[in-house]
Structure formats: C-alpha cells, structure tokens
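*Asks:* The structure follows.
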Amino acid sequence: MRKNILVLLSVLIFWQILDYLALNRSGQFTSPFSLITSIINTIKNGEILSDALASIVRVSIGFVIATFLAIPLALISETNKIMRIFINPIIEVLRPIPPIAWIPISIIFFGLGDTSSYFIVFLGSFFPIFSNTYLGASSLPTIYKHIAETFELNKSDYYRKVLLKFSLPYIFTGLKIGIGMAWMSVIASELVSGQSGLGYYIQINRLLLNLDNVIIGMVFIGFIGIVFNFGFTKLERKMIPWRKKI
Amino acid sequence: MILIKNLSYSYDMNTYQTIKDLSFNIQQGEFVSILGKSGCGKTTLANIICGYLKPTEGKIEIDGKASFYPNKNKIIINQEDDLFDWMTIYQNMEIATQDRDLILKYLLLVNLEDRINEYPSSLSAGMKKKLSFIRALSAKPDLLILDEPFSYLDYSTKAELLKQFQRIIKSSNTTTILITHNIDESLYLSDRIIVLKGYPFKISKDIRLDSKKIKGHAMASLVDDIKKSY
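The listed protein sequences correspond, in order, to chains A and B. Okay, so the first sequence: first residue is 164 according to our numbering, each after it adds one. Okay, so the second sequence: first residue is 149 according to our numbering, each after it adds one.
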C-alpha cells in the first residue's frame with residue numbers, strides 16, 4: 164500500500180515538474196497542484212459527489228445482479244450437460260459484443276433512465292464473472308469429484324462445499340475484471356445517454372470546455388476503482404483464508 | 149465378504165483387455181495385498197472395485213449386495229493428495245462422519261487433535277496421508293483400498309506410517325486391500341498376498357500368511373517364490 168502511494172506521489176511530482184518546465188504552455192492541461200485545489204473545491208460544492216454516488220449505485224446494482232446470476236449459472240453449466248449445451252453457444256455469441264454496442268438497444272427497450280445503465284453494467288460484468296467461474300469449476304480435479312462421490316455428498320453440499328469453494332479464487336478474478344468492466348460500461352452509458360453520473364459529468368464539462376473538471380471526473384473514477392479493488396482484495400483474503408499458507 | 153467374480157475391463161471396447169475374467173474373494177477383516185508389476189493394471193482394478201470405473205463384464209459384491217458405484221462402504225486412498233484444501237482438518241473429517249467424538253478419537257490417534265482448525269496446506273506429506281487415512285476409517289467402510297499411498301514418501305516416513313496404519317486397521321477390523329509392487333511391504337502388512345502376472349493379468353499366486361510363523365529360511369524361500377511368480 165505504501166509503495167503504491169509512493170508511486171502515485173512520484174507520478175504527481177513528475178507531472179508537476181513537467182508543468183513547471185513549461186511543457187504546458189498552451190494552458191490546456193492542468194497541473195497536479197491546481198488539480199488538487201480544483202478537486203477540493205469541487206468536493207466542497209458537492210456537485211460531483213452526487214454524480215459519483217449515482218454512478219456507484221448503477222454499478223452496484225448491475226454488478227450485484229450479474230454476480231448473483233453468473234456464478235450459479237456457471238456452476239450449473241459445468242455440472243449439467245443439458246444446461247451446458249443450451250447456455251454455452253449463447254454465451255459465446257454474446258460475449259464478444261462490447262457493452263457499448265448494446266446502448267442503442269437498451270435505450271429503445273429501457274429508455275434513458277437508470278434501467279438502461281443497469282442493463283449495460285450487467286452485460287459488462289456478467290461475462291467475465293461467468294467465464295472465470297466456469298473455468299474454475301471445470302478445473303476441479305477428478306480426485307475431488309471422486310472424494311465427493313465416495314463420501315456421498317448430496318448435490319447441495321457438493322455445490323456449496325466443493326465446487327463453489329474450489330472455484331472461489333477464479334470467481335474473485337472474475338469479480339475484479341467484472342467490476343472494471345462495470346465501471347467502463349457505466350461511464351460509456353452515461354456519456355451517451357446519462358442524465359447524471361460521472362460519465363455525464365465528464366460529458367457536460369467537455370461540452371463547456373472545462374477541461375479541469377473533465378480530469379477531475381476521471382480522477383474520481385480512478386479513485387473509486389482503487390477503493391473497489393481494495394475492498395475486493397480484503398474480501399478475497401477473508402473468504403479464501405486457506406490461500407494465505409499456500 | 150467381498151466377492152469379485154468374472155471381472156473384465158477394457159479401456160477401449162474394441163481392443164485390448166486390461167483385466168480378463170478375474171475372480172477372487174476376501175473375508176471380513178482380512179488384509180490382502182495385491183502384488184504386481186507397475187503398469188499391469190492394479191490401479192485399474194482398484195478403481196473398478198471402488199466404483200470409479202465400470203467393469204465391462206463381471207460383478208462385485210459386498211456382503212452379498214452388488215456394488216458398482218462409489219460410496220462410503222469402499223474407500224480408496226492413493227498417491228494423490230485427496231484432502232480438500234479449503235476445509236480445515238476438522239471439516240475434512242466431517243465429510244466422512246458427523247460424529248464429533250469419533251472424529252476427535254481418530255485425530256487423537258494421529259496426534260492431530262490440537263490442529264483441528266488448521267488447513268491441510270500446513271501439514272507435511274506424511275501427516276496429510278494420515279489425515280486421509282483416518283478420514284476414510286471414520287466413515288467405517290466395509291472395504292479400505294490402499295493404492296500405493298506411500299509411493300512418494302521417504303523411507304522413514306513410509307515405515308512409520310505402515311506401522312501406524314497396520315495397528316489402526318487391525319484394531320478396527322477393517323477389510324483392506326493394499327495395491328503394491330513392493331514385496332516387503334506386502335509381507336509386512338498382509339494376511340494374504342495375491343500375485344498378479346501377465347497382460348491382461350492373471351492370479352499367479354494366492355498365498356495365505358501367518359507372518360509370526362514365517363521366519364529365516366522360510367521367509368527367504370517365500371520371497372523367492374513370490375519373485376518367480378511376479
């Protein structure tokens with residue numbers, strides 16, 4: 164953590180030096196010092212916080228729905244041949260389509276409101292979570308399947324105690340990629356059709372030629388991303404305690 | 149009693165048979181070593197008996213009941229690490245039985261009673277094998293199959309485990325099959341040795357032992373006899 168902060172500080176100092184050495188003669192780019200001052204002022208007037216909150220809520224709702232659908236579906240697909248035959252071709256066709264390409268359709272179906280953003284976030288995060296969970300479940304060594312059969316584990320115990328637990332490291336990889344995709348999707352959605360949110364904030368300030376605020380919006384996205392990633396790493400350590408000793 | 153009758157198995161139905169028309173039976177509480185060269189099909193036989201492979205012909209009966217699928221009545225321990233890494237030592241035992249007293253009794257036998265909340269990754273290879281072993285026994289199986297479980301352990305760990313396993317197996321009166329290519333191991337542990345030979349293998353010798361009575365020259369002659377039929 165300390166190393167990360169040091170790296171970030173170094174980047175900021177380097178940026179400030181570049182600015183000082185008159186690289187920024189045109190005045191189009193802000194310096195780190197004025198950026199930090201602007202961030203403090205922007206937070207004080209509270210405008211960006213409501214937009215950040217709107218984006219966080221959209222990401223959370225879309226991401227949670229994607230997580231609770233993708234994980235069980237991937238586990239069932241791995242163990243059930245009929246489900247696998249039915250689901251895999253659909254997934255393979257839909258997965259390469261970028262979430263942004265869905266925006267026009269989502270606007271037609273769900274309008275310009277939040278539901279459209281939830282849908283785009285859902286699509287963005289569903290596939291990485293599904294694919295990683297499926298990969299984890301299909302990597303379960305045969306010996307564990309045999310042990311589960313030998314000790315006559317019922318289906319529920321097999322899913323909960325064996326398949327899900329074994330797949331957890333893979334699931335967390337999927338969740339981390341998924342949350343990144345969720346943020347990309349929500350910003351794209353808000354840039355195109357948002358009425359609020361960080362994407363909308365960036366878009367409005369771009370139109371007003373307020374480049375400082377555009378960068379502030381981007382910094383906020385990066386900061387929230389770090390917070391989410393930190394949270395997932397903590398959760399991963401808590402939920403996969405046996406990995407500490409490996 | 150474990151009855152194996154006219155058992156045949158082929159990995160590819162159209163070609164070569166690994167096991168052909170094999171029959172033998174094992175009495176309750178007997179410790180039988182199945183001795184054969186590496187690659188002769190011993191592990192295939194073990195996998196059929198415990199239900200992981202389906203025989204192409206023949207039947208397996210345990211106490212008069214046909215037994216083709218894996219279940220708690222016939223448990224195999226092989227070279228592979230079969231403990232669930234994400235479960236604690238106690239949780240691994242709980243897979244076999246919910247009886248807390250029984251779990252603690254077995255953990256005490258292998259000196260793991262103070263480590264119940266640790267994960268298997270904290271155990272040595274020998275300790276892991278002990279845990280697999282007591283987990284299997286705590287399910288009270290009719291048949292325990294040991295498929296060269298010590299093959300990758302060092303000599304002293306192997307000797308210690310053999311001694312401990314034999315003591316526990318005898319005290320629990322569990323019918324046991326040891327799959328091995330090691331003559332010394334089979335002589336040390338068994339009540340009976342079935343020697344396999346050929347491809348597909350056949351029983352070339354079925355020797356009942358009373359190790360206490362076989363000593364010196366008799367033992368040397370027995371080893372020689374096994375080597376010839378091996």
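Cβ coordinates follow ideal geometry from the N, Cα and C atoms, glycine included.
When you compare the CB positions of B:I341 and B:I327, do they come within less than 8 angstroms of one another, or not?
*Replies:* For the purposes of this step, residue 341 of chain B is identified with residue 193 of the second sequence, where counting begins at 1. For the purposes of this step, residue 327 of chain B is identified with residue 179 of the second sequence, where counting begins at 1. Contact flag unset, no.
*Asks:* Do we get a CB-CB distance below 8 angstroms when we pair B:D160 with the residues of chain A?
*Replies:* Numbered from 1 along the second sequence, position 12 holds the residue referred to as residue 160 of chain B. Output row for B:D160: interface = no.
*Asks:* Residues of chain A with CB closer than 7 angstroms to the CB of B:P297, please, in chain order.
*Replies:* Taking the second sequence and counting its residues from 1, the one referred to as residue 297 of chain B is at position 149. Result: empty, since nearest Cβ-Cβ is about 13 angstroms, beyond 7 angstroms.
*Asks:* Does DSSP classify B:S377 as helix, strand or coil?
*Replies:* Reading the second sequence from its first residue, position 229 is the one you call residue 377 of chain B. In the structure shown, B:S377 sits in coil (DSSP, three-state: anything other than H, G, I, E or B).
*Asks:* Once the 5 residues before and after A:T230 are set aside, which same chain residues still bring their CB inside 8 angstroms of it?
*Replies:* For the purposes of this step, residue 230 of chain A is identified with residue 67 of the first sequence, where counting begins at 1. Hits under 8 angstroms: S288, I292, L338 and G341.
*Asks:* Alpha carbon to alpha carbon, what distance is there between B:N154 and B:D332?
*Replies:* To locate residue 332 of chain B, count along the second sequence from 1; it is residue 184. To locate residue 154 of chain B, count along the second sequence from 1; it is residue 6. Looking at the two C-alpha atoms, the distance is approximately 29 angstroms.
*Asks:* For A:G341, which of helix, strand or coil comes out of DSSP?
*Replies:* Numbered from its first residue, the first sequence carries residue 341 of chain A at position 178. Of the three classes helix, strand and coil, the one that applies to A:G341 here is helix, per DSSP.
*Asks:* I'd like to check one pair, B:C188 with B:Y347: are the Cβ atoms closer than 8 angstroms?
*Replies:* Position 199 of the second sequence holds residue 347 of chain B. Position 40 of the second sequence holds residue 188 of chain B. Against a cut-off of 8 angstroms, the Cβ pair of B:C188 and B:Y347 comes out as a contact.
*Asks:* Have a look at A:M347 and A:P261 and give me their C-alpha separation to the nearest angstrom.
*Replies:* Along the first sequence, one-based indexing puts residue 347 of chain A at 184. Along the first sequence, one-based indexing puts residue 261 of chain A at 98. Approximately 10 angstroms between the Cα atoms of the pair.
*Asks:* Under the DSSP definition of a beta bridge, which residues are partnered with B:P326?
*Replies:* Taking the second sequence and counting its residues from 1, one reaches residue 326 of chain B at position 178. Residue identity check: residue 326 of chain B is Leu in the sequence provided, not Pro. In DSSP, B:L326 forms a bridge with B:S181 and B:L294.
*Asks:* Taking the runs of the alpha helix (DSSP H) that are 4 residues or longer, which of them lie wholly in the segment 270–347 of chain A?
*Replies:* 277–301 and 305–313, all fully within the segment 270–347 of chain A.
*Asks:* Taking just the CA atoms, how far does B:E242 sit from B:L257?
*Replies:* Residue mapping note: residue 257 of chain B aligns to position 109 of the second sequence, counting from 1. Residue mapping note: residue 242 of chain B aligns to position 94 of the second sequence, counting from 1. Whole-angstrom Cα-Cα distance: 16 angstroms.
*Asks:* Can you give me the C-alpha to C-alpha distance between B:K185 and B:A194, rounded to a whole angstrom?
*Replies:* Locating residue 185 of chain B in the second sequence gives position 37, counting from the first residue. Locating residue 194 of chain B in the second sequence gives position 46, counting from the first residue. Near 14 angstroms, if we compare the C-alpha coordinates of B:A194 and B:K185.
*Asks:* Give the C-beta separation of A:I266 and A:S352 to the nearest angstrom, bearing in mind that I take them to be a contact with Cβ-Cβ under 8 angstroms.
*Replies:* Taking the first residue of the first sequence as position 1, residue 266 of chain A is located at position 103. Taking the first residue of the first sequence as position 1, residue 352 of chain A is located at position 189. Between A:S352 and A:I266 the Cβ distance is about 6 angstroms, and since that is below 8 angstroms, they are a contact.
*Asks:* If we cut at 8 angstroms on Cβ distances, does B:S269 have a partner in chain A?
*Replies:* Counted from its first residue, the second sequence places residue 269 of chain B at position 121. Output row for B:S269: interface = yes.
*Asks:* Roughly how far, in whole angstroms, is the beta-carbon of B:I317 from the beta-carbon of B:T324, given that I think they are within contact range, below 8 angstroms?
*Replies:* Position 169 of the second sequence, counted from the first residue, corresponds to residue 317 of chain B. Position 176 of the second sequence, counted from the first residue, corresponds to residue 324 of chain B. Yes, they are in contact, since the Cβ atoms of B:I317 and B:T324 sit about 5 angstroms apart, within 8 angstroms.
*Asks:* Could you tell me which residues DSSP pairs with B:D354 in its beta bridges?
*Replies:* Translated into the one-based positions of the second sequence, residue 354 of chain B becomes position 206. Note: B:D354 sits in a beta bridge opposite B:I342.
*Asks:* By the 8 angstroms beta-carbon criterion, what residues does the segment 193–209 of chain B contribute toward chain A?
*Replies:* Hits within the stretch, in order: C198, G199 and Y200.
*Asks:* Report yes or no: do three or more beta-carbon pairs, one from the segment 202–218 of chain B and one from the segment 242–255 of chain B, lie closer than 8 angstroms?
*Replies:* With a cut-off of 8 angstroms, the segment 242–255 of chain B and the segment 202–218 of chain B do not count as touching, because too few Cβ pairs lie within range.
*Asks:* In angstroms with no decimal places, state the Cα-to-Cα distance between B:I174 and B:Y200.
*Replies:* Translated into positions along the second sequence, residue 174 of chain B becomes position 26. Translated into positions along the second sequence, residue 200 of chain B becomes position 52. Approximately 20 angstroms, taken between the alpha carbons.
*Asks:* At a Cβ threshold of 8 angstroms, is A:F177 touching chain B?
*Replies:* The residue you call residue 177 of chain A lines up with position 14 of the first sequence. Not closer than 8 angstroms to any Cβ of chain B, the Cβ of A:F177 fails to qualify, so no.
*Asks:* Verify whether the separation of the beta carbon atoms of B:L279 and B:P268 is less than 8 angstroms.
*Replies:* By 1-based counting over the second sequence, the position of residue 279 of chain B is 131. By 1-based counting over the second sequence, the position of residue 268 of chain B is 120. Yes, the Cβ-Cβ distance between B:L279 and B:P268 is below 8 angstroms.
*Asks:* Distance cutoff 8 angstroms, beta carbons only. Does B:I237 sit that close to anything in chain A?
*Replies:* Mapped onto the second sequence, residue 237 of chain B falls at position 89. It does not: the Cβ of B:I237 has no partner Cβ on chain A nearer than 8 angstroms.
*Asks:* If distances are taken between C-alpha atoms only, which option among A:S280, A:F249, A:L184 and A:V170 comes closest to A:F358?
*Replies:* Translated into the one-based positions of the first sequence, residue 358 of chain A becomes position 195. In the sequence as presented, Phe is not what sits at residue 358 of chain A; that position holds Gln. Among A:S280, A:F249, A:L184 and A:V170, the Cα nearest to that of A:Q358 is on A:S280.
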